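Undergrad:
Residue numbers (the working numbering), protein chains in the order written: chain X, 203 to 603; chain Z, 203 to 603.
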């Protein structure tokens, strides 16, 4: 991996336009001999692959299943092991909360505590989402500030919520305020460094006040907090790569990740068609587009092979329209694999396709995992995608004299 | 390479069972167009390869020929450049000495010194092993302790022996007490840091006393010591990878290496059949098995191509029995190559085969070096074998949120 400082030193502004099309979780595993990509009819992707150079990427390394945070950071050109995005921050991004550098975010669970202070159900019987919204509103009204720190509470699904503490002097790391299993005593957060003392105090005071407010709300009579974390300081893509980048995504988490690295997040609708319209409308305004397709991942997470095949085929139908825009560089890949067989993210490498005027076209005949595994780019860390895209857009000067 | 601390953080205990089958030195070089593996008739390995995913590994890097220590550490999931096993320690393991953290081990040579203190023969005319044993016994009786440090002497073959100093305050690094060539003056050990002062004193005092005892034993009238070293502190496989690992090997060195990383070394016999019986008998008790086959290497070291081909064919006959055990994950590979053509370890990458339910089977038709070179896993550092095996055993959680 070439360090960010080197890329920063040699990147230049040019008129060329780059598209990074992320088919979330598109890589899979064979079932009855064929993966989802192999099963899908994808004449347009296959035709493009035959005029491109392909390969396989690993977000983190052999055998490592990445979360969405690190896998996207890698694709955006950032060392995914250096910039750690905490669970609280990711959950906040996931429900569309915009975070500032003063914020500490935590993932919360409503839970059930008995009289002796034992957590008997870490999920409060999975209360209905409607009830969750009600309690969050109540907590928001009763707990607006703690020690000068503003408190925001946002409901998620069932027993899940996010709390944001906004104020000066909040730092990590602090341990989870969560016993991790039922039948154990409630556990306060603990500062893991002296800088984190104030966060510890605010967190534990919040838990105490919330438990007070929730006294009559059994089974949701207390809260557990974990992944208490701050937005990592990440230099922007403008700063590092001299790009004016825009993001088009339908899910809040991916918009949030894009915002973290300084992309402009464009308003769009819910469908791939909406996303494509947004792309066309904004084509003139930016030189880098991150276009995120969620459907390929969610069908994999459901273990629904047929639905994933259909999602891939749907993407394929939009390829001619994308090509019509005449990007100088197109990369089509995914952040991680989500095999229907595993119903979850997996460690398998991602198919990667690079199209530009300046490539050594390889013999890849289809855009599939196995065709890509013998592609001309070989197997490489996903973090190299950014220098590759920049180079193909003639946006990188020579390194060294 | 993903750091050990990351793997440690995400590894979990599950019921799945992993087999790492090491065919020592199995990779070779073509002679009359074919390598030993290509020449061997291996229907079972080939059939397994056609249902697996293959690749090539490097223990250290392109062009680097590894010793058995680093090449095994890499396969066990440890950075082979970070954990250095000294020559003395490796030799001690090789003759079956169990070392404690208080031990300093050195490889010794009986040598011939003339009246002026010049080493005229670094191997004492390669005295017979029988004579070696006799002198070692004599030395052991005469030199039991030096400055409170216990001394153990163990004979090897011909002029070779191992000495172990056991006591408090022994640290490295110290230089070799060996002029490295004939015709030079005997050379004392020298402490290379202030912590190593006591080791320097004990080492040089031992050489002086031994030379005194050996006065009448010409040509073995003095000793040279090198690779004076301590067992490196290596976190165990249990600690790092949450495994309960067992080792089955016929040679002391491999048992010693396995013990270094916290494997349980199982009692077994001398043949592959014995090793397999041990595997079957203990299948229920561990979740990771390292099974070491020595024959493939020793025939290569002898430069005996036909014998190496036969050794590979012998291994092949045991494959169906191994498959019958129904491991969740099987890896078959080697630690380094030992081409008959070179009669020694070499830098050529190792064939690697991975079998599990969660692989993208590639088009590999035979288990040979050249077939593996176009396998779906590509070419990768051997240290990645461990995260790959753990992932395929579903023993790794997601990295990052």
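Glycine residues also receive a C-beta, built at the ideal position from the N, C-alpha and C atoms.
For clarity, every value in this text was computed on a predicted model and none was experimentally measured.
Given 8 Å as the limit, is there contact between the stretch 435–444 of chain Z and the stretch 466–473 of chain Z, that is, 3 or more CB pairs closer than that?
TA: Verdict: no, contact absent.
Undergrad: Is the beta carbon of residue 345(X) closer than 9 Å to that of residue 408(X)?
TA: A contact, by the Cβ cut-off of 9 Å.
Undergrad: For residue 463(Z), which option in 564(Z), 476(Z) and 446(Z) has the closest C-alpha, if you only look at C-alpha atoms?
TA: Looking at the Cα atoms, 446(Z) is the closest of the given residues.
Undergrad: Measuring only the C-alpha atoms, how far is residue 303(Z) from residue 288(Z)?
TA: Their backbone Cα atoms lie some 14 Å apart in a straight line.
Undergrad: Whether or not the stretch 229–243 of chain X and the stretch 538–558 of chain X are in contact is what I'm after, with contact meaning three or more pairs of Cβ atoms, one per stretch, closer than 8 Å; do they touch?
TA: As far as the Cβ criterion goes, the stretch 538–558 of chain X touches the stretch 229–243 of chain X, which means the pair count is three or higher.
Undergrad: Hey, residue 248(Z) and residue 569(Z) are a contact pair by Cβ (cut 8 Å); roughly how many whole angstroms apart?
TA: With a Cβ gap of about 6 Å, residue 248(Z) and residue 569(Z) count as contacting.
Undergrad: Given a cut-off of 9 Å, decide if residue 378(Z) and residue 429(Z) are closer than it, judged by their beta-carbon atoms.
TA: Result yes, Cβ atoms of residue 429(Z) and residue 378(Z) sit closer than 9 Å.
Undergrad: So residue 492(X) is in the beta strand (DSSP E); what residue range does that whole segment cover?
TA: Looking at the DSSP string, the run of the beta strand (DSSP E) that includes residue 492(X) is 490–495.
Undergrad: Tell me, please, whether the CB atom of residue 590(Z) is closer than 9 Å to any CB atom in chain X?
TA: Closer than 9 Å: yes.
Undergrad: Tell me whether residue 309(X) is buried or exposed, calling it buried when 16 or more other Cβ atoms sit within 10 Å of its Cβ.
TA: Flag for residue 309(X) reads buried.
Undergrad: Residue 593(Z) CB to nearest chain X CB: under 9 Å?
TA: Judged by the 9 Å Cβ criterion, residue 593(Z) is in contact with chain X.
Undergrad: Use the C-beta contact count for residue 254(X): other C-beta atoms within 10 angstroms, 16 or more gives buried, fewer gives exposed.
TA: Buried, by the Cβ-count rule.
Undergrad: For residue 411(Z), which residues of its own chain have a beta-carbon under 8 Å away from its beta-carbon, when the five flanking residues on both sides are left out?
TA: Hits under 8 Å: 344, 345 and 348.
Undergrad: Using 8 Å for Cβ pairs, my map puts residue 617(Z) next to residue 535(X). What's the rounded Cβ distance?
TA: Since the first and last residues shown for chain Z are 203 and 603, residue 617(Z) lies out of range.
Undergrad: State yes or no: is the beta carbon of residue 293(X) nearer than 9 Å to at least one beta carbon in chain Z?
TA: Output row for residue 293(X): interface = yes.
Undergrad: Would you call residue 562(X) buried or exposed, if buried means 16 or more other Cβ atoms sit within 10 Å of its Cβ?
TA: Exposed, since its Cβ has fewer than 16 Cβ neighbours within 10 Å.
Undergrad: To the nearest angstrom, how far is the alpha carbon of residue 460(Z) from that of residue 263(Z)?
TA: Rounded to whole angstroms, residue 460(Z) to residue 263(Z) spans 22 Å at the Cα level.
Undergrad: Which residue marks the beginning of the alpha helix (DSSP H) containing residue 525(Z), and which one marks its end?
TA: Counting along the chain, the alpha helix (DSSP H) containing residue 525(Z) begins and ends at 507–526.
Undergrad: Strictly under 9 Å for the Cβ-Cβ distance: is residue 231(X) near chain Z by that measure?
TA: Closer than 9 Å: yes.
Undergrad: Should residue 522(Z) go down as buried or exposed, given a rule of 16 or more other Cβ atoms within 10 Å for buried?
TA: The residue is exposed, with fewer than 16 neighbouring Cβ atoms inside 10 Å.
Undergrad: Listing by chain order, which chain X residues have their CB less than 8 Å from the CB of residue 578(Z)?
TA: Residues of chain X passing the Cβ test: 572 and 575.
Undergrad: Can you give the beta carbon distance from residue 443(Z) to residue 213(Z), rounded, assuming they're within the 8 Å contact cut?
TA: Confirmed, Cβ separation roughly 5 Å.
Undergrad: For the stretch 251–277 of chain X, which residues have a CB atom closer than 9 Å to at least one CB atom of chain Z, in sequence order?
TA: Hits within the stretch, in order: 258, 261, 262, 263, 264, 265, 266, 267, 268, 269, 270, 271, 272, 273 and 275.
Undergrad: Do you know offhand how far residue 284(Z)'s Cα is from residue 315(X)'s?
TA: Whole-angstrom Cα-Cα distance: 48 Å.
Undergrad: State the CB to CB distance for the pair residue 295(Z) and residue 455(Z), rounded to an integer number of angstroms; the pair is presumed to be in contact (CB under 8 Å).
TA: Right, the Cβ-Cβ distance comes to about 5 Å (below 8 Å), so this counts as a contact.
Undergrad: Go through its chain and collect everything with a Cβ distance to residue 575(Z)'s Cβ below 6 Å, but skip five positions before and after it.
TA: 258.
Undergrad: Is there a C-beta anywhere in chain X that falls below 9 Å from the one on residue 562(Z)?
TA: Interface residue, yes.
Undergrad: Is there a C-beta anywhere in chain Z that falls below 9 Å from the one on residue 395(X)?
TA: Judged by the 9 Å Cβ criterion, residue 395(X) is not in contact with chain Z.
Undergrad: For residue 505(X), which residues in the same chain have their Cβ closer than 7 Å to its Cβ, ignoring the five residues on either side in sequence?
TA: Excluding residues within five positions, the ones whose Cβ falls inside 7 Å are 542 and 545.
Undergrad: At which residues does the beta strand (DSSP E) containing residue 311(X) begin and terminate?
TA: Run containing residue 311(X): 305–315, per the beta strand (DSSP E) assignment.
Undergrad: Would you mind reading off the limits of the beta strand (DSSP E) that contains residue 351(Z)?
TA: Per DSSP, residue 351(Z) belongs to the beta strand (DSSP E) from 351–357.
Undergrad: With 9 Å as the threshold, decide whether the Cβ of residue 443(Z) is near any Cβ in chain X.
TA: It does not: the Cβ of residue 443(Z) has no partner Cβ on chain X nearer than 9 Å.
Undergrad: Here's the rule: buried if 16 or more other CB atoms are within 10 angstroms of the residue's CB, otherwise exposed. What is residue 361(Z)?
TA: When all chains shown are included, residue 361(Z) counts as buried.
Undergrad: How would you label residue 420(Z), buried or exposed, when you count the other beta carbons within 10 angstroms and need 16 or more for buried?
TA: Exposed, because fewer than 16 other Cβ atoms sit within 10 Å of the Cβ of residue 420(Z).
Undergrad: What does the alpha-carbon distance come out to for the pair residue 577(X) and residue 560(X)?
TA: Cα to Cα, the separation comes out at about 16 Å.
Undergrad: Do residue 490(Z) and residue 219(Z) count as a contact pair if the criterion is CB distance below 9 Å?
TA: In contact: residue 219(Z) and residue 490(Z) (Cβ atoms closer than 9 Å).
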